[in-house]
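Note sheet for the following structure.
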Amino acid sequence: MSRLRSGTRTRPDARGADRRPSLGSDAGHAQQRTHGPRRGIVSAHTRSAPARDSARADHGASTVELLVWFPALLLIVAIVLQVFQAVWAHETAQAAARYGAYQARSYQGSDADGRRAAGTYLDQVAGTLVQDPVVTVTRTDSTVTVTITATARQMPLPVLHLRAFTVSASGPIEQFTAAR
């Protein structure tokens with residue numbers, strides 16, 4: 012620490028130079044450096060030879076890191092897309108089963124109407140998303156159930172294998188009853 016004109020003590024800053032206090036009679040004067048070279052600031056001219064060599068050795072390191080991590084990132088994105096596609100196929104098949112059940116349970120509707128409606132819905136909405144759909148309609152005295160068994164379109168990923176899924180929808184059969 013050194014003394015300045017006002018008699019107050021100063022603290023060295025990060026460079027090692029003395030710094031005046033922010034308040035006092037000398038607050039507006041220029042900063043004075045009283046001893047030693049500036050420390051902590053390194054320029055290209057003052058860097059030693061080993062430091063320059065290690066800096067050169069790091070050139071291209073981010074490219075190598077990108078080459079290592081980029082395939083893993085692509086695999087993660089592909090898995091997320093495959094899972095999204097599988098969920099979407101499941102929801103679309105569920106909607107087709109509901110639509111088929113609605114058509115099959117309607118007044119004077121038949122099992123063929125429900126099967127046809129579910130198949131048409133899958134063709135129009137899902138396209139190739141739902142593969143190998145099998146639509147079955149089961150009718151009892153009071154209810155009708157439409158069941159769809161299918162698989163979602165598979166992306167060529169070696170780490171994820173999708174299994175077939177089954178969805179169903181049922182409802183009461185609409186019947187005409189005479190007024191009492």
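With our numbering as the guide, the letters of the sequence shown map in order to residues 12 to 191. Think of the CB as a built atom: it goes at the ideal place given N, C-alpha and C, for glycine as much as any other residue.
Contact between V148 and R164 is absent: CB atoms are separated by about 25 Å, not below the 8 Å threshold. Taking the CA atoms as reference points, Y110 sits about 19 Å from T139.
In this structure, DSSP gives S117 a state outside helix and strand, which the three-state scheme calls coil. Taking a C-beta distance under 9 Å as the contact criterion, A108 and T158 qualify as a contact pair. Judged by their CB atoms, V94 and L171 are nearer to each other than the 9 Å cut-off.
The C-beta distance from A161 to D143 rounds to 6 Å, short enough to meet the 8 Å contact threshold. Rounded to whole angstroms, the Cβ separation of L173 and A89 is 13 Å, and the two are not in contact under 8 Å.
A check of alpha carbon separations from Y132 across V155, S153, R150 and E102 identifies E102 as the nearest. DSSP places D143 inside the beta strand (DSSP E), whose first and last residues are V141 to R150. When the beta-carbon positions are compared, D124 and Q114 come within less than 9 Å of each other. With fewer than 16 other Cβ atoms from the protein chains shown falling within 10 Å of its own Cβ, V75 counts as exposed. Here the alpha carbon of Q105 sits roughly 6 Å from the alpha carbon of V178. The Cβ atoms of T156 and P183 do not sit closer than 9 Å to each other. If you check the CB distance, A100 and F176 come in under 9 Å. Just so you know, the alpha carbons of D122 and L78 end up roughly 56 Å apart.
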